[in-house]
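A.B. asks:
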Amino acid sequence: MYLPNTTWHNAPFAARFVQDHQVGALLFTEVLDLTVWFYPQNSELLHSAGVLFLGNDFLSPLLNIGWMSLCLMAAWCFARPYGGGPIAVLAIALVLDANMLLLYQPGDAKNDTAGLFFLLASAAVLVNAEAQTRSAAGAARPIAGGAIERAPRALYTGAGVRPMLSTGGLIVAGLAAGLALGTKLNLLAPFGFLTLGVIAISAGYRWRATGIWVASSLVTGGFWFVRNLINAGNPLPWIQAGPLPGPDQLDINIRNPNNVAHYLFPPDGDVISDHLIPGLHDSFGDLWPLVLAVVIGGFLVAIFRGRTPVVRMLGVVALLSGIAYLFTPLTAAGPEGDPTAFTTNLRYASPAIGLGALLLAVDSGLLRPRLQGWVLGALVVLLLVQAVPLWDLGDEWEKDYVLGAIGLAFFLVLVPVGLAVLWQRGWDPWTLGAGVVVALVLVVAIGWPNGRDYVKERYQASTAPRDFPTGMKAALAWFNRADPQDSRIAVVGGRPGFKQYIFYGDDLSNHVQYVAQHGPKGAYLPIASEAAQENQDPRAPRECREWIAALNDGDYSYAVIGPDQRTQSLPPVEALWTELAGGTRVQETDGVSVFELGGALNPSVCSTPRVLPPGAAVPSPANQ
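For the sequence shown, this note's numbering assigns the number 976 to the initial residue and increments by one for each residue that follows.
(1) Taking only the alpha-carbon atoms, compute the straight-line gap between Tyr1238 and Asp1245 and give it to the nearest angstrom.
(2) Would you call the stretch 1526 to 1537 in contact with the stretch 1449 to 1463, where contact means no fewer than 3 C-beta pairs closer than 8 Å?
(3) Does the stretch 1276 to 1296 come within contact of the stretch 1166 to 1178, defined as at least 3 CB pairs closer than 8 Å?
(4) To the nearest angstrom, how far is the alpha carbon of Gly1349 from that of Cys1052?
(5) Could you tell me the alpha carbon to alpha carbon distance between Gly1472 and Ile1040, rounded to whole angstroms?
(6) Whose CA, out of Ala1506, Ile1328 and Leu1029, lies closest to the CA of Val1430?
(7) Quick check: the stretch 1429 to 1449 against the stretch 1564 to 1582, are at least 3 beta-carbon pairs closer than 8 Å?
(8) From Leu1101, Gly1058 and Met1048, pick the residue whose C-alpha is nearest to that of Gln1347; which is it?
(9) Measure from the alpha carbon of Ala990 to the alpha carbon of each residue in Leu1160, Ser1018 and Ser1582, then state which is nearest.
(10) Taking the alpha-carbon of Gly1221 as reference, which of Gly1352, Phe1200 and Leu1526 has the nearest alpha-carbon?
(11) Using the Cα positions of Thr1185 and Leu1211, report the straight-line distance between them to the nearest angstrom.
(12) Starting from the Cα of Ala1268, find the closest Cα among Gly1331, Tyr1300, Arg1433 and Ala1575 and give me that residue.
(13) Could you pull out every unbroken alpha helix (DSSP H) segment of at least 4 residues lying fully inside the stretch 1234 to 1321, listed in chain order?
(14) Rounded to the nearest angstrom, what separates Ser1437 and Leu1451 at their Cα positions?
(15) So what's Thr1559 in DSSP terms, helix, strand or just coil?
(16) In three-state DSSP terms, what is His1493?
(17) On the CB-based measure, 16 or more other CB atoms within 10 Å of its CB, does Trp1522 come out buried or exposed?
(18) Count the CB pairs spanning the stretch 1539 to 1546 and the stretch 1570 to 1582 that are closer than 8 Å, and state whether there are at least three.
(19) Just to confirm the assignment, what range does the alpha helix (DSSP H) spanning Ala1054 have?
(20) Tell me whether the stretch 1479 to 1486 and the stretch 986 to 1002 touch, counting them as touching only if at least three CB pairs, one residue from each stretch, are closer than 8 Å.
(21) I'd like the list of long-range same chain contacts for Arg1230, defined as Cβ closer than 8 Å, with 5 residues on each side in sequence excluded.
(22) For Leu1394, which residues in the same chain have their Cβ closer than 7 Å to its Cβ, ignoring the five residues on either side in sequence?
(23) Can you find the residues in the same chain that come closer than 7 Å, C-beta to C-beta, to Ala1063, ignoring five residues on each side of it along the sequence?
(24) How long is the line joining the alpha carbons of Ala1068 and Pro1326, rounded to whole angstroms?
(25) Give, in chain order, every unbroken run of the alpha helix (DSSP H) that is at least 4 residues long and sits entirely within the stretch 1318 to 1354.
(26) Below 6 Å CB to CB, which residues in the same chain sit around Ala1414 once its five sequence neighbours on both sides are set aside?
(27) Look up Val1006 in the DSSP assignment and say whether it is helix, strand or coil.
(28) Using the three-state DSSP reduction, which class does Gln1399 fall into: helix, strand or coil?
(29) Exposed or buried, Ile1123, counting other C-beta atoms within 10 Å across all chains shown (16 or more means buried)?
(30) Could you check the C-alpha separation between Ile1146 and Phe1093 for me, to the nearest Å?
(31) My understanding is that Ser1097 touches Ala1148, with C-beta atoms under 8 Å, so please give their C-beta distance in whole angstroms.
(32) Express the C-alpha separation of Leu1091 and Thr1318 in angstroms, rounding to a whole number.
(33) Return the CA-CA distance between Tyr1079 and Gly1401, expressed in angstroms with no decimal places.
(34) Give every residue of the same chain whose Cβ lies closer than 6 Å to the Cβ of Ala1104, excluding the five residues on either side of it in the sequence, and list them in chain order.
(35) Could you say which of Cys1519, Leu1294 and Ser1258 lies nearest to Ile1271 if we only look at CA atoms?
(36) Measuring straight from C-alpha to C-alpha, what distance separates Gly1254 and Met1043?
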């Protein structure tokens, strides 16, 4: 798992849950203005369960395969009452197969697919709860294809009319929505719109529905925001307004946090043609306008032709979520006029795109027998065209990956479907049970040795991606040779911070911590000022002493020091301080240094300011 978000915070969160035996503490992973330590972490909590039981992260690269499968199941369930299950599955497959998810989710610990599933599950429960209530009340009448004819709105509103959503349906849908909210921050807007939508359609029992929904969603999604309230005085520390405080972070960002709306209103023709349109093409394939037409069509048919209040409400929620995406920070991150992160962060739109795609599968017009075949055929064509580039991924897609993909498909798709078909055909339950046991034995027999190989080889300098920083490859090679275990490792600087998970070790026993200074309301600030970095002053007394004290207080055995995020082209001044105070530099490549700290460092070297001549070697403590 090499992708930056995973090695930067997703996987470290999971590992530290297990190491610290608690989930309430904040793990400060770097000093960016993003304050990722306040992010909700439901997905990371599941990864920590795998670490807890296995003692390693073998299951983590596989978990998003499970979330993908659950998204497909949620799609089927969403359209099941209306007979549109096949259309819904193909429509959501278009979303899951888009590069915005396909290239960044499988084999990694990112949480977009997990959050998408919880949102789709909540919507599916609402649709089925409404259909069940209508059926029980005699308000529904089956029509061709298993669909349900639209009932008059009067059946749902007015005094003495049975609520369209049962208490059980509201509870389960609220629990699922809360899980979405507690998984990823970009689901805050879809969750808010869905909450308002549920309240709006609950005429006649609005207060009860509101109480049930809010209480249920807070049970599964409120913990992380209560934690933020305790630590920062604000459940949403990124939003500081009026009496709501928050951490006073320095303005340090990986990229300018622009959003898509920044280039659309007013329109910037060059950015749209040079970045946004190519990004959509890369993610959705040559027929990307038709894919977007499917999604937007889902919005519109649900809003204007939706057969029930819940369907119409979900159409509005999907549309508003899409609009909210345009204004979400980082959706067009990058230098002004060069939104390099647009394609990568297009995944933030997956909740709106996923809902829009599913809503197409419950439209009464498209579910007519004469049209269903054409709709299914069109979706298959879009899916195949979108998947064509996957056959030419070059060296990154090795033969071992193809074999592994076939193996996963066999056990995750062919075996379950085959057993289900045999069950429907009346096969003996004992025979089918024996088949399940054989399949599980084969999974364990194949997975166990592969698990050992994975743990041993998962982070190697020789197999790191081409874009892995050179200095970090050298640091990783040194750690593979030294193989520290149960060690405390300090990291500082952008490159070590973003890749810090590689130093946790094969058994995840190393305690890795980004070293900075704590501020009020959960702030985390760099010890070395920008001026100290720019001046390369090895004797900045106060900051030098604070740095040495932080290393001594942390009782670290090693320190990995890379360039500061603010002055990437300069060597890190923390490396000068560490060497002056007695640290042994055992590796240095491309500005990234590894130090061995053999005991307490000497802070007295920081006492007297001293400016070294340009290019002069840093004196060691022995010959001061």
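Here a beta-carbon is modelled for each residue, glycine too, at the ideal position from N, C-alpha and C.
Because the structure is a prediction, the values reported are computed rather than measured.
C.D. replies: Quick look at the numbers:
(1) 9 Å
(2) yes
(3) yes
(4) Strictly speaking, residue 1349 in this sequence is Trp, with Gly absent from that position. Distance between the alpha carbons of Trp1349 and Cys1052 is about 22 Å.
(5) 27 Å
(6) Leu1029
(7) yes
(8) Gly1058
(9) Ser1018
(10) Phe1200
(11) 21 Å
(12) Gly1331
(13) 1236 to 1239, 1252 to 1259, 1263 to 1280 and 1284 to 1301
(14) 10 Å
(15) strand
(16) strand
(17) buried
(18) no
(19) Ser1035 to Ala1054
(20) yes
(21) Leu1305, Ala1308, Gly1309, Pro1310, Thr1315 and Ala1316
(22) Leu1407, Gly1410 and Val1411
(23) Ala1050, Trp1051, Phe1053, Ala1054, Leu1333 and Ala1336
(24) 13 Å
(25) 1325 to 1334
(26) Val1390
(27) coil
(28) helix
(29) Model confidence at Ile1123 stands at a pLDDT of 42, short of 50, so the residue's coordinates are unreliable; what they give is reported in the following sentence. It counts as buried.
(30) 14 Å
(31) 5 Å
(32) 18 Å
(33) 42 Å
(34) Leu1140, Ser1141 and Gly1144
(35) Leu1294
(36) 23 Å
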